[in-house]
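Per the numbering used here, numbering of the sequence shown is gapless, rising by one per residue and ending at 747.
Glycine included, each C-beta is placed from N, C-alpha and C at the ideal position.
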Amino acid sequence: MQHLLNLLAAIALLVWGTYIVRTGVLRLFGDTLRQVISHSVGNRVRAMLAGIAVTSVVQSSTATCLIVASFVGRGLILTSAALAVMLGADVGTSLMVVVFSFDLSWLSPMLIFAGVVLFVSQEKKTAGRIGRVIIGVGLITLALQLIGAASKPLIESVTVRQLLAALPSDILLDIVVGALLTVVSYSSLAIVLLIAALAGGGIVPATVALGLVLGANVGSGILAVLSTSQADVATRRLPIGNLIFKLSGCLLAIPLLPVAHVWLQTYLGSVPEQVVAFHLAFNLGMAVLFISVTTPLANVLERWFKTPPPSPSSSRPRHLDPVALSTPTLAISCAAREALHQADVVETMLRGVLDVIKSNDTQLAQELRALDDTVDELYTAIKFYLTQISREALSEREGRRWTDIVSFTINMEQIGDIVERVIQDVEDKKIRAGRSFSDAGMAEICHLHERLLSNLRLGMSVFLDGHVHDARKLLEEKARFRDLERDYAASHLARLRDNTAQSVETSSLHLDLISELKRVNSLICSIAYPILDQAGALSATRLRHGRLAELGSDRRYP
190 MQHLLNLLAA IALLVWGTYI VRTGVLRLFG DTLRQVISHS VGNRVRAMLA GIAVTSVVQS
250 STATCLIVAS FVGRGLILTS AALAVMLGAD VGTSLMVVVF SFDLSWLSPM LIFAGVVLFV
310 SQEKKTAGRI GRVIIGVGLI TLALQLIGAA SKPLIESVTV RQLLAALPSD ILLDIVVGAL
370 LTVVSYSSLA IVLLIAALAG GGIVPATVAL GLVLGANVGS GILAVLSTSQ ADVATRRLPI
430 GNLIFKLSGC LLAIPLLPVA HVWLQTYLGS VPEQVVAFHL AFNLGMAVLF ISVTTPLANV
490 LERWFKTPPP SPSSSRPRHL DPVALSTPTL AISCAAREAL HQADVVETML RGVLDVIKSN
550 DTQLAQELRA LDDTVDELYT AIKFYLTQIS REALSEREGR RWTDIVSFTI NMEQIGDIVE
610 RVIQDVEDKK IRAGRSFSDA GMAEICHLHE RLLSNLRLGM SVFLDGHVHD ARKLLEEKAR
670 FRDLERDYAA SHLARLRDNT AQSVETSSLH LDLISELKRV NSLICSIAYP ILDQAGALSA
730 TRLRHGRLAE LGSDRRYP
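Here's what the structure looks like:
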């Protein structure tokens, strides 16, 4: 029993080591890897080579599939090019199996020691994150040693030998078992290494090991399909196409297994070498055979999984890709795009306020007030999405961006509430009461409204690009708007002293309206504070004009 527990613990350590390496690399180089993929899809061969390179670093074809599938879902990569990337990704996984199949026992202690030192001493910095990856590589090599050591007592057990002899020799059963192990462990790399280790120890016969390898390949395809099951239609095309390639490869390989087994025994001495070589040969064969049919399969997938036309009035989030959550940099980008979508809805509400005031259109007023529910739903969705991004996985710059997105969406939600309240007041105090503003009062409201829309657009630009020059302009608008509100309030009081009838009737609404517009403007202008604060352009209570003069107008801060 103790020997079995030791073996299970070693297997768990192997799976955990591959997880640490995969997540660590994605956190460190996720954005760079995405750029490598996006710039290498001009033709199928380059796309396949990009898949090999990226997966060799990430050590997970499933992770590569999720990254590329999100690109397909957003229309950044053609499905045919993405399929070529995945053929290369499977080869990349096979190459990493070859690397880890060598005797790296001498390297394991050094990797774990160096990784722990880096991680503990520089935990919050890039060096600490690199240390985490190094620890993962060390754990993989250590786990392979432990699996070999734990296997020896089991091999010598009479009971284990009798159980293995009683197992049916069924290739389909072997494939199913291999696929299930891969899905459970979330790593075909770990399972193939495990199969090689167990086959080398004599626990698994060589013929069964080959079937398990085929199953591990199918399992990695199933994993990607399951991971994208809740994604949009376009995103699901690639995982399904990748699974079709893997299943087709298995069907072609099954009749050739006896011949392959003989060849492997002839040219390779040890069983682990045979398992690793078969895995590499299988994926290389799939890449050569299927690289020419990526376009026809892509056309079929696009016919099967047609993207429904987007509804412009839809309140559903458009950019919160759940697949991107495994890559924090990409997830932050998705959240920022959705925040701009929320701001677009707020702009629609704000723009419509003036039309309601001018035309007394109660139907439009009702539609605009209903949009506040959309703003609230988007705020809730963005907030929940951001909470699923591990803060520990974010760099310092990404952490600041995370905070800025939260602050921006809160401001947009509050603006939506204010606009809804303003529209309700206009309905109650102007439209139903049959009142109207004086010409001078209406001109003032129009001017404030125009400035407010301009500031909102500028605020969205500051949020998106982070230009210090634009942030300074936005904050300066806060003072100008405050002065305008004060002047227009004084003008209104002067009209009251002159007993202007329309001004007297709408006095409460007029003053409330310009005050609420000022509040909206303050929320918009607060977008500038994080940018200016990071640039060192703020003192405790005001802009430091001298410091701003030193900053280039085109300087950007993330």
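Contact between the segment 657–670 and the segment 550–559 is absent, with fewer than three C-beta pairs closer than 8 Å. In this structure, the CA atom of L193 is about 28 Å from the CA atom of F467. Within the segment 435–496, complete alpha helix (DSSP H) segments of at least 4 residues are found at 446–456, 460–479, 483–493, given in chain order.
Burial of R318 is indicated by the presence of at least 16 other C-beta atoms within 10 angstroms of its C-beta. With fewer than 16 neighbouring CB atoms inside 10 Å of its own CB, A679 falls in the exposed class. With respect to I329, G213 sits apart: the two C-beta atoms are not nearer than 7 Å. Between the C-alpha atoms of S376 and S409 there is a straight-line separation of about 7 Å. Taking C-beta atoms as the reference points, L382 and M285 fail to come closer than 7 Å.
DSSP, reduced to helix, strand and coil, places Y375 outside both helices and strands of the structure shown, so it counts as coil. About 6 Å separates the CB atoms of V545 and V615; that is less than 8 Å, so the two are in contact. Cα atoms of L331 and V393: separation of roughly 21 Å, rounded to the nearest angstrom. Distance from the Cα of E566 is smallest, within the candidate group V225, I324, M601, for M601.
DSSP places H699 within a helical segment (H, G or I) once states are collapsed to three.
Apart from the 5 residues on each side of it in sequence, G327 sits with its Cβ closer than 7 Å to the Cβ of S297, L300, I301, G304 in its chain, given in chain order. In this structure, the alpha-carbon of I429 lies about 29 Å from that of A201.
About 26 Å separates the beta carbon of I336 from that of A413, a gap too long to meet the 8 Å contact definition. Between A271 and L427, the CB-CB gap stays under 7 Å.
The criterion of a C-beta distance shorter than 7 Å is satisfied by T253 and T244. In this model, S627 and L509 are separated by some 46 Å (Cα to Cα). Check the Cα spacing between R590 and each of R671, L543, A524: the tightest is with A524. Counting every other CB atom within 10 Å of its CB across the protein chains shown gives T268 a total of 16 or more, marking it as buried. Sorting S294, G325, H530 by C-alpha distance to the C-alpha of V247 places G325 at the top. If you draw a 10 Å sphere on the C-beta of Y574, you find 16 or more other C-beta atoms in it, and that means buried. The DSSP assignment places no complete run of the beta strand (DSSP E) inside the segment 270–341 (cut-off: 3 residues).
Straight through space, the alpha carbons of P719 and K547 are spaced by roughly 37 Å.
In the DSSP assignment, A622 falls outside any alpha helix (DSSP H) and carries neither an H nor an E. Residue nearest to K667 within the set L645, I599, R507, V280 is L645 (criterion: CA-CA distance).
In the three-state scheme derived from DSSP, where H, G and I count as helix and E and B as strand, G390 is classed as coil. Buried is the label assigned to E609, since at least 16 other Cβ atoms lie within 10 Å of its Cβ.
Cβ-Cβ distances below 6 Å link L196 to A339 in the same chain, with the five nearest sequence neighbours on each side left out; the list follows chain order. Counting other Cβ atoms within 10 Å of its Cβ, R621 stays below 16 and is therefore classed as exposed. Per DSSP, the unbroken alpha helix (DSSP H) holding T598 starts and ends at 585–615. Rounded to the nearest whole angstrom, the CA to CA distance from L276 to L445 is 21 Å. Collapsing the DSSP output to three states places N232 in coil.
Boundaries for H508: no alpha helix (DSSP H) harbours it, and the DSSP string shows neither H nor E there.
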